[in-house]
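This report refers to the structure that appears directly beneath it.
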Amino acid sequence: MTTLFLILFTAAMIGVLIFGKKHEILIAIVMNALLFAGLAVGFGLNNNPNGLFYLTVAFYYVIPMYGVIGMFAIMKKSHAKKQDSLV
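full-length UniProt numbering puts the sequence shown at residues 1 to 87.
The structure is reproduced here in structure tokens:
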């Protein structure tokens, strides 16, 4: 079930980042924060060795996703500067 949520959130975040027209970076950051909060709650509720799965997913998937979102933000910003310079 967690894998399904990760796939859905990843598809939604990438779709928003690629096809979004306005505020897509903010939406992706909020979605990633919700996913991170959900995984943290899952780890808190399963305070045993099996609960470490949620913590592992958070550190190896959710936190690096902030880097991907940041790269999209930088690409968008540089793309906007290039469009302004051609005018």
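Just so you know, even glycine gets a beta-carbon here, dropped at the ideal spot from N, CA and C.
**Request:** Taking only the alpha-carbon atoms, compute the straight-line gap between G27 and L45 and give it to the nearest angstrom.
**Result:** With the sequence shown as reference, residue 27 is identified as Ile, and Gly is not the correct amino acid for it. Looking at the two C-alpha atoms, the distance is approximately 27 Å.
**Request:** Kindly examine the ligand HEM and report whether one of its heavy atoms sits closer than 7 Å to the Cβ of G15.
**Result:** The ligand HEM is absent from the structure shown, which contains no ligands of any kind.
**Message:** Between which residues of its own chain and I29 is the CB-CB distance below 7 Å, once the five residues before and five after are set aside?
**Reply:** The beta carbon of I29 sits closer than 7 Å to the beta carbons of I69 from its chain, once the five residues preceding and following it are set aside; these are given in chain order.
**Request:** Compare the beta carbon distance of Y54 and F43 with 8 Å and say whether it is the shorter of the two.
**Result:** Cβ atoms of Y54 and F43: closer than 8 Å.
**Request:** Specify the secondary structure class of K22 as computed by DSSP and reduced to three states.
**Result:** Looking at K22 - three-state DSSP - the assignment turns out to be coil, as it is neither helix nor strand.
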